[in-house]
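Peer 1: Heads up: the sequence lines are chains X and L, in that order.
42 is the number that our numbering gives to position 42 of the first sequence; each next residue is one higher, with no gaps.
Numbers given in our numbering equal positions in the second sequence, counted from 1, plus 110.
First the structure, which I've put down as structure tokens, then a few questions once you've had a look.
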Amino acid sequence: QSALTQPASVSGSPGQSITISCTGTSSDIGTYNYVSWYQQHPGKAPNVMIYEVSNRPSGVSNRFSGSKSGNTASLTISGLQTEDEADYYCSSYTTSSTLVFGGGTKLTVL
Amino acid sequence: QVQLVESGGGVVQPGRSLRLSCAASGFTFRNYAMHWVRQAPGKGLEWVAVISTDGNNGFFADSVRGRFTVSRDNSRNTLYLQMSGLRPEDTAVFYCARGRGPTVTTYFDYWGQGSLVTVSS
């Protein structure tokens with residue numbers, strides 16, 4: 001149950017686009033289209049932004065989008081806003097009937 | 111509205127036990143798989159455990175298997191996490207979360223506010 005691999009940090013300026021990658025294995029991301037992404041602000045519980053690779057829950061801005069290729073999933077945030085500054089985590093269902101998170105990525109909006 | 115409220119956290123000595131509870135409201139509790147997720151101070155999220163809708167099946171992270179058990183009381187709309195043999199590395203905020211998905215949990219759509227467990231002598 002190794003954690004999914006994410007970059008520790010990414011940054012961008014307001015209005016720009018950024019992409020956060022999430023690399024797993026054939027035991028998780030590579031087998032299932034069950035990747036989700038969570039946004040977490042300091043001291044708060046996480047909120048789901050993308051589920052099942054590319055689906056957005058109601059209420060989530062369409063500036064957030066997700067994709068997957070092979071063992072790697074990606075979250076793209078377009079038109080960066082200052083309120084997007086937060087930690088982002090990917091998650092996947094696994095062949096062991098468990099779930100696994102990525103190590104998290106700190107997004108800084110410069 | 112959906113609410114998940116954890117309780118039972120606190121300071122506990124290494125090797126001791128502690129039970130967390132998660133009171134659910136605003137939805138039909140028995141229809142959803144429920145999870146525990148933890149976050150050590152300053153660290154990332156770690157999935158801990160899941161329990162099926164009827165409480166008959168549970169799965170655990172390798173790091174807690176054999177030490178933690180998960181249960182639920184669908185008549186009381188409450189989820190539990192029984193933790194034994196606690197270690198300092200178990201120190202974390204523990205969240206309960208509702209699982210969503212077609213047949214298995216593919217994501218968590220609601221989270222509690224978290225309960226802090228500190229394992230220290």
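All C-beta atoms, glycine included, are put in the ideal place defined by N, C-alpha and C.
Go through its chain and collect everything with a Cβ distance to Val10 (chain X)'s Cβ below 7 angstroms, but skip five positions before and after it.
Peer 2: Indexing the first sequence from 1 puts residue 10 (chain X) at position 10. Excluding residues within five positions, the ones whose Cβ falls inside 7 angstroms are Ile18, Ile20, Thr105 and Leu107.
Peer 1: What's the C-alpha gap between Tyr32 (chain X) and Cys22 (chain X)?
Peer 2: Numbered from its first residue, the first sequence carries residue 32 (chain X) at position 32. Numbered from its first residue, the first sequence carries residue 22 (chain X) at position 22. Rounded to whole angstroms, Tyr32 (chain X) to Cys22 (chain X) spans 14 angstroms at the Cα level.
Peer 1: Should the region 220-228 of chain L be regarded as contacting the region 56-70 of chain X, the criterion being three or more beta carbon pairs within less than 8 angstroms?
Peer 2: They do not touch, by the three-pair rule.
Peer 1: Just to confirm the assignment, what range does the beta strand (DSSP E) spanning Arg148 (chain L) have?
Peer 2: Counted from its first residue, the second sequence places residue 148 (chain L) at position 38. Run containing Arg148 (chain L): Met144 to Gln149, per the beta strand (DSSP E) assignment.
Peer 1: Would Tyr89 (chain X) and Leu155 (chain L) qualify as a contact pair, given that the criterion is a beta-carbon distance under 7 angstroms?
Peer 2: Stepping through the first sequence from its first residue, residue 89 (chain X) is reached at position 89. Stepping through the second sequence from its first residue, residue 155 (chain L) is reached at position 45. A contact, by the Cβ cut-off of 7 angstroms.
Peer 1: From Asn167 (chain L) to Gly120 (chain L), what distance separates their C-alpha atoms?
Peer 2: Working through the second sequence from its first residue, we reach residue 167 (chain L) at position 57. Working through the second sequence from its first residue, we reach residue 120 (chain L) at position 10. C-alpha separation (whole angstroms): 28 angstroms.
Peer 1: Short of 9 angstroms Cβ to Cβ, which residues in the region 93-104 of chain X face chain L?
Peer 2: Against chain L - using a Cβ distance shorter than 9 angstroms - the residues of the region 93-104 of chain X are Tyr93, Ser96, Ser97, Thr98, Leu99, Val100, Phe101, Gly102, Gly103 and Gly104.
Peer 1: Measuring straight from C-alpha to C-alpha, what distance separates Gly30 (chain X) and Gly24 (chain X)?
Peer 2: Sequence index remark: in the first sequence, residue 30 (chain X) carries index 30 (1-based). Sequence index remark: in the first sequence, residue 24 (chain X) carries index 24 (1-based). C-alpha separation (whole angstroms): 7 angstroms.
Peer 1: Can you check whether the C-beta of Trp146 (chain L) is within less than 7 angstroms of a C-beta belonging to chain X?
Peer 2: Residue mapping note: residue 146 (chain L) aligns to position 36 of the second sequence, counting from 1. Judged by the 7 angstroms Cβ criterion, Trp146 (chain L) is not in contact with chain X.
Peer 1: Please report how far the alpha carbon of Ser181 (chain L) lies from the alpha carbon of Arg126 (chain L), in whole angstroms.
Peer 2: On the second sequence, residue 181 (chain L) is found 71 positions in, with the first residue counted as 1. On the second sequence, residue 126 (chain L) is found 16 positions in, with the first residue counted as 1. For Ser181 (chain L) and Arg126 (chain L), the distance between alpha carbons rounds to 19 angstroms.
Peer 1: Identify every residue that forms a DSSP beta bridge with Phe178 (chain L).
Peer 2: Residue 178 (chain L) sits at position 68 when you count from the first residue of the second sequence. Phe178 (chain L) is bridged to L:Arg175 and L:Met193.
Peer 1: Can you list, in chain order, the residues of its chain whose CB lies under 6 angstroms from that of Met49 (chain X), leaving out five sequence neighbours each side?
Peer 2: Sequence index remark: in the first sequence, residue 49 (chain X) carries index 49 (1-based). Same-chain partners within the cutoff: Trp37, Gln39, Val60 and Phe64.
Peer 1: Of the choices L:Gly211, L:Tyr220 and L:Ala202, whose alpha-carbon is the least far from that of Gly118 (chain L)?
Peer 2: Taking the second sequence and counting its residues from 1, one reaches residue 118 (chain L) at position 8. Nearest option by C-alpha distance: L:Ala202.
Peer 1: Please report the distance separating the alpha-carbon of Gly102 (chain X) from that of Thr5 (chain X).
Peer 2: Taking the first sequence and counting its residues from 1, the one referred to as residue 102 (chain X) is at position 102. Taking the first sequence and counting its residues from 1, the one referred to as residue 5 (chain X) is at position 5. Roughly 5 angstroms between the two C-alpha positions.
Peer 1: Three or more C-beta pairs under 8 angstroms: does that hold for the region 169-187 of chain L against the region 205-220 of chain L?
Peer 2: No, because fewer than three Cβ pairs between the region 169-187 of chain L and the region 205-220 of chain L fall closer than 8 angstroms, the two stretches do not touch.
Peer 1: By how many angstroms is the C-alpha of Ser67 (chain X) removed from the C-alpha of Phe137 (chain L)?
Peer 2: For the purposes of this step, residue 137 (chain L) is identified with residue 27 of the second sequence, where counting begins at 1. For the purposes of this step, residue 67 (chain X) is identified with residue 67 of the first sequence, where counting begins at 1. Going by the C-alpha atoms only, they are around 31 angstroms apart.
Peer 1: Answer yes or no: does any C-beta atom of chain A fall closer than 7 angstroms to that of Pro42 (chain X)?
Peer 2: The displayed structure is made up of protein chains X and L, and chain A is not among them.
Peer 1: Have a look at Ser158 (chain L) and Pro57 (chain X) and give me their C-alpha separation to the nearest angstrom.
Peer 2: For the purposes of this step, residue 158 (chain L) is taken as the residue at position 48 of the second sequence. For the purposes of this step, residue 57 (chain X) is taken as the residue at position 57 of the first sequence. It is worth fixing the name first, because residue 158 (chain L) is Val in this sequence and not Ser. Near 24 angstroms, if we compare the C-alpha coordinates of Pro57 (chain X) and Val158 (chain L).
Peer 1: For a contact defined as C-beta to C-beta under 9 angstroms, what are the partners of Leu226 (chain L) on chain X?
Peer 2: Taking the second sequence and counting its residues from 1, one reaches residue 226 (chain L) at position 116. Those do not exist, as Leu226 (chain L) stays about 12 angstroms from chain X at its closest Cβ, beyond 9 angstroms.
Peer 1: Less than 8 angstroms between C-beta atoms, sequence neighbours within five positions excluded: which residues of the same chain meet that for Ala45 (chain X)?
Peer 2: As a working note, residue 45 (chain X) is residue 45 in the first sequence. Closer than 8 angstroms at Cβ, skipping near neighbours: no residue.
Peer 1: Considering only the alpha carbon of each residue, which of L:Ile161, L:Pro151 and L:Thr215 lies closest to Thr95 (chain X)?
Peer 2: Here residue 95 (chain X) is taken as the residue at index 95 of the first sequence, counted from 1. Checking every option, the nearest Cα to that of Thr95 (chain X) belongs to L:Thr215.
Peer 1: Report the CB separation of Pro124 (chain L) from Pro198 (chain L) in whole angstroms; it is logged as a contact under 8 angstroms.
Peer 2: By one-based count along the second sequence, residue 124 (chain L) stands at place 14. By one-based count along the second sequence, residue 198 (chain L) stands at place 88. Indeed, because the Cβ distance is near 6 angstroms, the residues count as touching under 8 angstroms.
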